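Each remark here refers to the structure printed beneath this line.
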Amino acid sequence: MESISVTQLKQKLAQGESITIVDVRTLPEFHSERPAIRDLKNHPLDRIEQLEHPEDEPLYVICQSGNRSSQACQKLLRQGFTRLVNVEGGLLAWKKAGLPTEKTSGTFPIMRQVQIAAGSLVLLGTLGSLYIHPAWIWLAVFVGAGLTFAGLSGFCGMAILLGKMPWNRSMQKQPEAAS
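When the letters of the sequence shown are read in order and numbered with the working numbering, they come out as residues 88 to 266.
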């Protein structure tokens, strides 16, 4: 597996190279904001094994920070893909380099939705344990454990669940971005 910086990737695109790039973030994250790259495809990490792409052709993989794209490359390597390129730093590095992005969603970004939901559940569990029954504290403990796991693994079950909500699924067609 190779790695490439976002500026090197942008140079290749500017030179007109035909590159297949897959964004492995969730659909709501993808629609919330993404690099302005023509023909950028979304294929979330949790379904990366279903990707249809010739195993011997180059495939560039990007995500939010480089963590999920690296995980996706590892999974694809185990499937027999041989020409994988991980885009270092993902969307965060893309934005830090001052490269253009696109946004299409009118909803909050998925991670902001996770923060709202998690904060509300922790507050509910804490207040419930104070005023209703002490067992309500387990709600706060469960959410805290889930957030800790998400931080350590890069896998956030709450983000996946929220991504399946109707307000996040209304964006079915992926827009075409300019390079």
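Idealized CB from N, CA, C, for every residue including glycine.
Every value quoted in this text rests on a predicted model; they were computed, and no experiment measured them.
Pairing W254 with A246, the inter-Cα distance amounts to about 13 Å. Taking one beta carbon from each stretch, the segment 109-125 and the segment 138-148 have 3 or more pairs nearer than 8 Å; the two touch. A straight line joining the alpha-carbon of T235 with that of L226 spans about 14 Å. Taking a C-beta distance under 9 Å as the contact criterion, L186 and P122 qualify as a contact pair.
Put simply, of I149, L127, D133 and G238 the residue whose alpha carbon is nearest the alpha carbon of L179 is I149. With fewer than 16 other Cβ atoms inside 10 Å of its own Cβ, F229 counts as exposed. In this model, M252 and I224 are separated by some 26 Å (Cα to Cα). In this structure, DSSP gives S105 a state outside helix and strand, which the three-state scheme calls coil. When secondary structure is reduced to three states using DSSP, R121 falls in the strand class.
Taking every protein chain shown into account, the CB of G167 has fewer than 16 other CB atoms within 10 angstroms, so this residue is exposed. Under the 10 Å beta carbon count, G153 is surrounded by 16 or more other beta carbons and is classified as buried. When C160, D126 and H118 are compared, the shortest CA-CA separation from L132 is found for C160.
Just so you know, the alpha carbons of V93 and Y218 end up roughly 51 Å apart. The continuous stretches of beta strand (DSSP E) do not include V111, and DSSP gives it neither H nor E. A check of alpha carbon separations from L249 across N129, E175, P196 and L214 identifies P196 as the nearest. Per DSSP, the unbroken alpha helix (DSSP H) holding I247 starts and ends at G244 to G250. With a 10 Å radius around the Cβ and a threshold of 16 neighbouring Cβ atoms, P221 comes out exposed.
The secondary-structure analysis by DSSP pairs K128 across a beta bridge with V109.
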